[in-house]
Amino acid sequence: MAKRKRSQIDFGDDAAIQREFSRPDTPEDDRSIDDYTVGWVCALQEEYDSACRMLDEEFDAVEVDDADDNSYTFGRIGPHYVVVGCLPAGVYGTSSAARVARDMVRSFPRLRFALLVGIAGGLPTAENDVRLGDVVVSMPHGSFGGVVQYDLGKLLPGGYFHRTGYLNSPPDKLLGVLPVLRRRYNDPKQPDRVAEHIHRMDDMPDYRKPLTDCLYHADYPHQGGRNCSLCDPKYLVPRADRSGRLITVHYGTIASGNSLVKDTAMRDEIACSEMKPLCFEMEAAGLMNSLPCLVIRGICDYADSHKNDIFHKYAALAAAAYARELLLTLKQSKVVALPSWVEDVRISLSCISNDVDIVKSSISDESLRRWLSPVDPSRSFNTATDSLMPGTGTWLLNKTSYREWKDQPGSIWLHGPPGSGKTVLTSLVINDCLGKLTNASNALLYFYFDFADPEKLTQEAMLRSILWQLAITDPADRSPLTDLYKSCSNGQKQPSRQQMHEVFQQMADKKSDVFLVIDAIDECIDREQLLWSIRYFTVGTKIDLHLCVSSRREKDIEERLQVIVGRNARIGLEKDLVNRDIHHYVRQRLGLDEGLGRWKKRAEIQKDIERTIVRQADGMFLLAACQLDSVRECLDLPMLGQTLARLPKTLEDYYSRILSGIIGRNRLYAIKILQWLVYAVRPVKLEEIIDAVAVQLEGDPVFDPQNRLVDAQDIRSICSTLIKIEDFHETKLVRLSHMTVRDYLTSDHARTILMDAMEPVKANTVIAATCLRYVLHLEQHSTESCLYLEFPLASYAAQEWPTHAQVASDEPQDLLPLLEDLFLREKAFSKWAQLFRVPLPECQPRRTFGWERYSASIIDSPRLLVRREPLLTVGRKRFSTTTTCSPLFYACFIGLAPAVSLILEKGADPNVYCDAYGGSPLEIASHLGHEAVVRELLAKRAKPNHCGSHHGTALQRAVFGGHEAIIHILLAAGANPNLTPSGYATPIEVALSIGHENIAILLLDHAADPDTHCGKYGSALNVALMLDSAAVMHHLLEKGANPNLNTGRYGTALQIAAEQGNVQAVRALLSKGARPSVYNPKFDSPLGQALYHSHGDILDLLLKAGAYLQPRECGRALELAAYVGNQPMVRALLVNGLDVDCSCRANYETALWMAASQGHAGIVRLLLAKAPARGITDQFLDLARLWATKGRHSDIVLLLETGAI
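The opening position of the sequence shown corresponds to residue 0 in numbering that gives the first Met the number 0, with each subsequent residue numbered one higher.
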């Protein structure tokens, strides 16, 4: 094989010479595909050119797989044979990178790893001084593996990133060389090898480093032109000059996605999230789960509108130079020791390609996970398991009812008072059941409801979680879930609860045994729905289900579980049994807890501690743990004696002692912290609570970062064991230590110590005021760039203060000055509106969209505020990043009547429109159900019948949401129930289509037109019948609805009622003048419908009313009547001139053999008596005789053979 050797080695450098000749001894002519061990993937031409220039030698091409569409350059860097592959020109993205890698795997089975080398957009922050020309290397950081696909996840308020997928980390051998490389590179005594490699392209001026590196403030957009010559330099971010190496190298997370990022708001929000990425790029996510890969990126821009190409070539060169140095540092022996990727990669890459055929034929785990968004219960399980001590719960495991439950499908219920250890026991059950999972035919599913975690409080959260757990037990058995995914527009829509129940049943039916453990069902906020689900799983299906639930013993739970759980399977946590566990727990802690270690050598004292705590705890596991915490503080025997003598006898006593012991300024801190932990709408981060405590509710400064607690952990000492601080991804959450703490703080016991501080109105007023003052403080900060890092409470304060203010709105005096400052100071309002992002509506309420689809979309959109959905959900809702609507609109949107009143008093127009967000203030308030706001707007002359948006009138919007009280208010104010803007539906049509029966009747009572046209369904009567709403149907008829309207595709109301078999409706319609023989060319007559569906009672009613069939229906009617044995109908058809000789001959002959096959001798006689003049076709007579013989109808056989009548 010929080679082309480059003379690019500096022979004055001994180290360079040594590296040049430290290469494999493979003879050139014997080199084969198997010799190539390193893949180098590029996306752009400049990346490819730079990569090739880094080769020490370049070789002629070798033969590759016929199916490989890529072009390659082959060469060597030091001892490593490298194959460089580049994406096709003009193609980029994760799926394209995956295809290149797939082909590389096919052609080069001995490759050990790949380097993905090229350019990226930098994410400069206060923490990371990323600049143009710098290099970023993917390296695991916290829970992130080096690369995160940011468009397959959700960025939650406060900077949480909820991943819906996980990408692999780079191979350990590559990560292992990074510390060596970093040490050498950071040592000023070592030569700058990367700079040496940069000089390999000195002969190409386009690749030299540009002189200008401009980073503009995030809120200053590009002013046009190919470069930034028109941009004002005063908006540049000031940065200190650098010294040291030519290139600065950063190590950490790289954000990968399928689209270019040019939005600074999105850039800064992601940059300041817990991911803390250093750059954006577009290929890495296509490789990380497919092959061992390290990503190296040169920074070419700042992912903003100032993008240009000046740094592209230099950034590509910088990344390539670093990659070369990495390979020269990596020993060949380390590479050879790595396994080849051939089989694993070939399989995984076949699943990642984004080609349309593959998407149609298979649905990835990632797509299903992203669609279901299941909560992970393993963290709760692990925490509970940590509290298990050897010997705990043996009484339960040995119980006969428990052993029977393990061996045979059935249900058990663990119940006990708060703090008795139910959660610890459920974790014991889960651990015990793990032994039953001998193969994929069994499944173990579990879920923990948790009062402190809003994601774990609903029946739907449980459904989604156990569905996902079941799906991943055996991917081969999850076709029902993938079918549901496809039926939901390939994940674009969400499944209903009923659909999820059905899919769970279908998948669970394929398992031999399904173990389902659900803890703390009493903490579920929609308990009624949860108990229905439990009943459905156990009674409504044939699943071999082993169900274990735990809860307090509450009346509604006990009543509903009586049908499901046998008496012997209701396992109460009796004191004697729990005391055994407390014995084990106390003994273990005395031996293992370092804080109790001072008593290890005093066996008698240890026994005394154990006896006293078990006696005092009296079956309360949590109380025993708390008492041990008190003993932990004892330093000598007198202190221990006093503590044991004064141990609290109840949890309430224990919590009261803690609160009473908090004095001075710490008491103010503690009250504020506890108010937040009881009433916050989502889990609160440690840095958020620190800022909340530092906000001054009176006086100035409102907030000063210098006033934060010096040591954040001090809040633990302030609140003692009432709270806990937990690690959550890359942050820490502050929570109440147990549900009993919340119960206590909101009870009368705490009132004697805290007065009214924990009353809902009082506490929410304090939180709302804290948030408002914090938001107002942000007014002086002109940019969002890194705002969430500098002010951690900003996201919660901006997004959630309205929720707290709503609770406090009955007594708004304390908030009015703050509301006035926020809504009436332009700069303050503008800053808040930037942070409080309003979801944009996704479709218009036109008839062409269908009411079901429209209502699902438009009603869910405002619920984002109520349900605390993420600010940014990638690939789902769209959100505005600009302020285009008035303060009045925002006040109406959040439903705060005092704020609306303030703004209106200052002369705001109540009829101003903000069409992008859904219309006028009255329309928005009506849609979202803000009754007090609607009253306020109408009192200030808002127009109830005006419609200038794409979302209908205020009355229509109120009907969408089912807000009956607001509908009353609007109608009383003169809203027209028959107003129908062009292309829209009337309010009554909306009410009927969505199924709001009471609202439909209310509208009819207020002069809504009973004959309103309802699109494809025709009349309102038709819709009422289709929805099986007898009440609405009768009300429509009483209000004068015309039963003979025939304007839709389904005919008249009588035709629909006859088809349904609705006898009462047919009677009612006939009594109100419905014509019995109405005809619609697309729909059979009422008589034809009744006959076709065999509704005998309705046939009689219609015939008595004088109904007759249309000519085109008679032939088929004869067949049906003959088949079902309706002799009067057959006689009536024959007597009334059915044309058996011509148009209906075939129907007649078919009717004959049908009647014969069913043994209807009387009908056969009638038909033979009316035989066609030309006789009956032989084949039909033979067919009739054959079927009569098969049915052993000898009398009919005789009739047919003799022709006797």
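No residue lacks a Cβ here, since even glycine has one placed at the ideal position from N, Cα and C. These numbers were taken from a predicted model, which means no experiment stands behind them.
With which residues is residue i paired in a DSSP beta bridge?
i: residue 441; result: 512
i: residue 72; result: 83
i: residue 279; result: 120, 254
i: residue 292; result: 113
i: residue 414; result: 550, 571
i: residue 967; result: The partner list for residue 967 (beta bridge, DSSP) is empty, contrary to what the question assumes.
i: residue 1012; result: 1018
i: residue 298; result: 119
i: residue 1199; result: Per DSSP, none; premise fails for residue 1199.
i: residue 238; result: Residue 238 pairs with nothing; no bridge assigned.
Quick one: residues in its chain with C-beta nearer than 7 Å to the C-beta of residue i, no 5 flanking neighbours on either side, listed in chain order?
i: residue 780; result: 786
i: residue 830; result: 777, 778
i: residue 767; result: 800, 803, 804, 807, 814
i: residue 995; result: 958, 961
i: residue 1068; result: 1042, 1052, 1053, 1056
i: residue 965; result: 925, 928, 930, 933, 957
i: residue 648; result: 615
Whose C-beta lies closer than 6 Å to the C-beta of residue i among residues of the same chain, with five residues either side of it excluded?
i: residue 412; result: 548, 560, 564, 569
i: residue 139; result: 145, 168
i: residue 479; result: 502, 505, 506
i: residue 605; result: 589, 598
i: residue 517; result: 446, 548
Which of the three DSSP states, helix, strand or coil, is assigned to residue i?
i: residue 450; result: coil
i: residue 726; result: strand
i: residue 80; result: strand
i: residue 143; result: strand
i: residue 518; result: strand
i: residue 995; result: coil
i: residue 113; result: strand
i: residue 41; result: strand
i: residue 1207; result: The question about residue 1207 has no answer here: the residues shown for the chain are numbered 0 through 1204.
i: residue 962; result: coil
i: residue 148; result: strand
i: residue 372; result: coil
i: residue 249; result: strand
i: residue 684; result: strand
i: residue 716; result: helix
i: residue 286; result: coil
i: residue 137; result: strand
Once the 5 residues before and after residue i are set aside, which same chain residues still bring their CB inside 8 Å of it?
i: residue 973; result: 943, 944
i: residue 508; result: 540, 541, 542
i: residue 449; result: 379, 455, 456, 519, 522
Comparing alpha-carbon positions, which option in the options lies nearest residue i?
i: residue 1062; options: 1088, 1038, 919, 1039; result: 1088
i: residue 1207; options: 234, 505, 907; result: Since the first residue of the chain shown is 0 and the last is 1204, residue 1207 is not available in this structure.
i: residue 261; options: 244, 304, 270, 622; result: 304
i: residue 49; options: 200, 99, 1018, 638; result: 200
i: residue 989; options: 1001, 1013, 966, 1004; result: 1013
i: residue 104; options: 83, 591, 124, 294; result: 83
i: residue 228; options: 238, 1200, 213; result: 213
i: residue 194; options: 756, 319, 690; result: 319
i: residue 375; options: 727, 107, 621; result: 727
i: residue 309; options: 295, 1122, 132; result: 132
i: residue 388; options: 364, 406, 420; result: 420
Between residue i and chain C, is the shortest Cβ-Cβ distance under 8 Å, so that the two count as touching?
i: residue 104; result: In the displayed structure, chain C is absent; only one protein chain is listed.
Open item on the list: Threshold first: 4 residues or longer. Then list the alpha helix (DSSP H) segments lying entirely within the stretch 757-806, N to C.
Closed with: List check, alpha helix (DSSP H) in window: 759-776, 786-789.
TODO: Only counting runs of 3 or more residues, tell me where the beta strand (DSSP E) segments fall wholly within the stretch 514-584, in order along the chain.
DONE: Within the stretch 514-584, the runs of beta strand (DSSP E) that reach at least 3 residues and sit entirely inside it are, in chain order, 544-550, 569-571.
- [ ] With a floor of 4 residues, list each alpha helix (DSSP H) that falls wholly inside the stretch 460-512, ordered by position along the chain.
- [x] The qualifying runs are 478-486, 496-507.
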